[in-house]
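Novice: Take 704 as the starting number for the sequence shown in this note's numbering and just add one per residue.
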Amino acid sequence: MSECRLLGGFDIGGTKCAVSLGVVSGDHVELLDKRSFLTPDNPEAAIERALKELVKLLDRQDDTLSAIGISCGGPLNSREGIVLSPPNLPNWDRIQVCEPFRERFGVPVGLQNDANACALAEWRWGAGQGTRNLIFLTFGTGMGAGIILDGRLYSGTSDAAGEVGHIRLEQNGPMGYGKNGSFEGFCSGGGISQLGRTMARQVLQRGGKSLFCQTEQQLQTVTAQQIAEAAVRGDHLALEIFEIVGRNLGKGLALLVDILNPEMIVIGSIYARQQKRLEPFVLEELRREALPDSAAVCQIVPAGLREQIGDYAALSVALHILS
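As C-alpha cells, then:
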C-alpha cells in the first residue's frame, strides 16, 4: 500500500496568491483544501498571510505535514529559496521565501518558478504521466517552459532554463519579453492583444470593422478574450489572428522538438482553451519546420490538469523536494 503524504503549497501570483493542502498516494493526488487572497503590496505581508492561512488549513487535518512547495514567477534562485525581482511582483527583490515556512512548520520547503512547477504537476499527475522527456509551455500572461529530461527537472545553471519566450520568431511582430517578434510576443495573452490592436487599426483605416473592435476608441482596450469570443462568432479578423498565433506557436514548437527531442509537449492556458482553432496551424507548421523523425515521436497536447493546474503546481514542488 502506497504511503500517503500531506503536502502544502503556496502559489505566488501578481494578482492573487493561493495556499493549498493536498494528499499524495502513489501516482494519485487529491486537493484537500485551498484558500486564496489578493497579493499584498509587500512580500512580507504576503508571506505572513500565507503562513496564517496554512495554519488554518492544517487545523482541519489529522495528518502531519510532510513538505511545502512554493511556485512563483521567475527570476529566482531555487537552491537558496530566494525570489529575484519578478516583473509581475514589484518589491519582491531578493526575498527569502522558504525560510519562514521552514521555521514555522519544521518541514522541507522547495521553490520553483511557475513553469517548472506546472511541468512537474503535468508530469506526475496530468497529461505527461509515464513520460521521461516532457516540455510544458505556459502560454498565458507570458510564455515560458518547464523541462523534464530523462525523468528529471532541468532548470539550468542559474535557474534560467526554459525561457523560450525570449526566442525571436520574426524580425517584426508583437513585443514580448522585451523583444519584437518573440515567441512570447506571438504566443501570450498580451501578445495576442497587441496583434489584435495592430490588425484592427489597419482594418479601421480601410473603412472596415471587426466584431471585437469597431471604433478607434476601442483599440486600446482590446483583450485576447474579446478576440477569442469574436473568433467563436466567426469574425474573419479574429480567425486570422488565431491563424498567425497558431503558425508561430508551431514554429516555436519545431525549435524545441529539434533541440530537445521530447516525447510530449504540454501546453496550458490559452492553448487548452483555444485548441480547436490553433491546432491545425500548429501541426502544419510543426510538420513543415521540425525534423520528421523527431516530430513523429512527439505528442502536442493541452494541459491535462486544465484550469486546476495552478492548484497542483505548488504541491508538485513539495513532492519534488522529497524525491
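From the three backbone atoms N, C-alpha and C, an ideal C-beta is built for every residue, glycine too. All of these numbers come straight from a predicted model, not from anything done at the bench.
From what residue to what residue does the alpha helix (DSSP H) around residue 797 run?
Specialist: No alpha helix (DSSP H) holds residue 797; the beta strand (DSSP E) holding it covers 796-799.
Novice: Taking a contact to mean a Cβ-Cβ separation below 9 Å, would you say residue 810 touches residue 769 in this structure?
Specialist: Yes, they are a contact pair.
Novice: Check for me: the beta strand (DSSP E) holding residue 1000 runs from which residue to which?
Specialist: Neither: residue 1000 is in no beta strand (DSSP E) and is coded neither H nor E.
Novice: Where does residue 863 sit, in a helix, a strand or coil, going by DSSP?
Specialist: Three-state result, residue 863: coil.
Novice: Do you know whose CA, among 854, 728, 726, 716, lies nearest residue 745's CA?
Specialist: For the residues 854, 728, 726, 716, the minimum Cα distance to residue 745 belongs to 716.
Novice: What's the C-alpha gap between residue 805 and residue 934?
Specialist: C-alpha separation (whole angstroms): 48 Å.
Novice: From the DSSP secondary-structure annotation, give me the bridge partner or partners of residue 857.
Specialist: According to DSSP, residue 857 bridges with 850.
Novice: Counting C-beta neighbours from all protein chains within 10 Å, is the total for residue 1018 16 or more, i.e. buried, or is it exposed?
Specialist: Counting Cβ neighbours within 10 Å, residue 1018 comes out buried, since at least 16 surround it.
Novice: Taking only three categories from DSSP, how would you classify residue 839?
Specialist: Looking at residue 839 - three-state DSSP - the assignment turns out to be strand.
Novice: Excluding the five sequence neighbours on either side, which residues of its own chain have a C-beta within less than 7 Å of the C-beta of residue 1011, listed in chain order?
Specialist: If we look at residue 1011 and ignore the five residues flanking it on each side, it has no Cβ neighbours.
Novice: Please list the terminal residues of the continuous alpha helix (DSSP H) segment that includes residue 815.
Specialist: Not the alpha helix (DSSP H): residue 815 falls in the beta strand (DSSP E), residues 812-816.
Novice: For the beta strand (DSSP E) holding residue 737, just list the boundary residues, first then last.
Specialist: 731-741 is the span of the beta strand (DSSP E), which, as asked, contains residue 737.
Novice: Compute the Euclidean distance between the alpha carbons of residue 999 and residue 797, then round it to the nearest angstrom.
Specialist: Between residue 999 and residue 797, the C-alpha separation is close to 43 Å.
Novice: At which residues does the beta strand (DSSP E) containing residue 714 begin and terminate?
Specialist: Looking at the DSSP string, the run of the beta strand (DSSP E) that includes residue 714 is 707-715.
Novice: Please list the terminal residues of the continuous alpha helix (DSSP H) segment that includes residue 759.
Specialist: Per DSSP, residue 759 belongs to the alpha helix (DSSP H) from 746-762.
Novice: Leaving aside the five residues before and after residue 923 along the sequence, list all residues of the same chain whose C-beta is less than 8 Å from its C-beta, in chain order.
Specialist: So the list reads 900, once near-sequence residues are dropped.
Novice: Measure the C-alpha to C-alpha separation of residue 722 and residue 747 and round it to an integer number of angstroms.
Specialist: Rounded to whole angstroms, residue 722 to residue 747 spans 15 Å at the Cα level.
Novice: According to DSSP, is residue 871 helix, strand or coil?
Specialist: It is a strand residue.
Novice: Check the DSSP bridge columns for residue 720 and list the partner residues they point to.
Specialist: Beta-bridge pairing links residue 720 to 715, 740.
Novice: Locate the beta strand (DSSP E) running through residue 949, then write down its first and last residues.
Specialist: Segment 939-963 is the alpha helix (DSSP H) holding residue 949; no beta strand (DSSP E) there.
Novice: Would the beta-carbon of residue 902 fall within 9 Å of that of residue 879?
Specialist: Contact flag unset, no.
Novice: Would you call residue 962 buried or exposed, if buried means 16 or more other Cβ atoms sit within 10 Å of its Cβ?
Specialist: Counting Cβ neighbours within 10 Å, residue 962 comes out exposed, since fewer than 16 surround it.
Novice: Helix, strand or coil, according to DSSP, for residue 829 in the structure here?
Specialist: The answer is coil: DSSP assigns residue 829 none of H, G, I, E or B.
Novice: Which word fits residue 890, buried or exposed, when buried means at least 16 other C-beta atoms lie within 10 angstroms of its C-beta?
Specialist: That one is buried.
Novice: What are the boundary residues of the alpha helix (DSSP H) that residue 985 is part of?
Specialist: That run of the alpha helix (DSSP H) goes 973-992.
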